[in-house]
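Only one structure is covered here, and it is reproduced in the block below.
Numbering (the working numbering), first residue to last: 6 to 280.
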């Protein structure tokens with residue numbers, strides 16, 4: 006199945022709601038308008054209810070109750086509002102996926118996003134875009150499982166979705182990878198071009214005319230999150246460390262490991278994606 010055929014096959018996955026797209030567009034501005042953001046979200050009662058539920062969940066670990074969207078923005082800030090909106094949209098789109106352990110998938114994705122943010126900060130890249138790219142970098146895997154479950158099940162049998170060599174197997178079988186599908190899906194959801202490029206080039210961020218530092222951040226963060234899922238020890242991480250990408254970003258193994266989350270993602274944090 007070609008990439009175009011797969012995306013056609015996966016049309017049952019809803020497009021990002023217009024209000025979510027407008028909220029993300031506003032958040033991408035240099036100086037987002039809090040009043041407009043509150044109005045946009047309040048125009049969708051369902052979105053408002055889900056955002057308040059998530060704001061009061063274990064995802065942020067707040068000690069106070071959040072009772073309104075305006076309060077959520079004031080307490081959590083724009084970066085966390087982006088996370089709230091994206092989590093709600095993604096969780097609503099992928100309720101069940103054949104052959105995928107969604108708890109593990111979202112744990113891995115949120116961990117990747119958590120690592121992307123401090124890596125981007127250290128490289129003076131936009132933290133919000135990095136977090137977003139990390140969160141959605143592997144949604145192509147979900148689309149592939151939905152669009153061609155039998156084909157992907159055979160790939161799963163050969164290599165785990167979290168194996169560091171997964172993309173090579175996908176390309177040898179299909180001619181494309183989850184990264185290509187993730188980028189196409191993000192484009193369909195009207196994500197900013199910088200994020201689409203980061204997803205598209207995340208496997209090879211620097212090659213020929215390609216120079217995508219944000220893709221390099223996703224590359225490094227996803228490597229670290231995969232290593233965490235596979236319980237790799239220090240020696241195994243050193244053996245699999247993406248040296249070339251790290252060198253071009255000016256990173257070392259110690260620098261990347263220093264960006265590990267204070268707390269790896271818990272089951273409570275995943276409520277937005279699983280319920």
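Yeah, the Cβ is synthetic: ideal placement off N, Cα and C, and Gly gets one too.
For the region 203 to 257, the full-length alpha helix (DSSP H) segments reaching 4 residues or more read 218 to 234, 239 to 245, 248 to 254 along the chain. With respect to the 8 Å criterion, residue 177 and residue 207 are not classified as neighbours on the basis of their beta carbons. Taking C-beta atoms as the reference points, residue 105 and residue 150 count as a pair closer than 8 Å. Take the alpha-carbon of residue 115 and the one of residue 139: they are about 7 Å apart. It is roughly 7 Å from the alpha-carbon of residue 153 to the alpha-carbon of residue 11. C-alpha of residue 62 to C-alpha of residue 274: approximately 7 Å in a straight line.
Taking all protein chains shown into account, residue 252 has fewer than 16 neighbouring C-beta atoms within 10 Å of its C-beta and is therefore exposed.
Collapsing the DSSP output to three states places residue 32 in a helix.
Judged by their CB atoms, residue 60 and residue 71 are nearer to each other than the 8 Å cut-off.
Note on geometry: alpha-carbon atoms of residue 82 and residue 190 lie some 27 Å from one another.
Below 8 Å, too few C-beta pairs join the region 160 to 171 and the region 185 to 205 to call them touching: fewer than three. For residue 113, the number of other beta carbons within 10 angstroms of its own is at least 16, and it is reported as buried. Rounded to whole angstroms, the gap between the alpha carbons of residue 249 and residue 49 is 46 Å.
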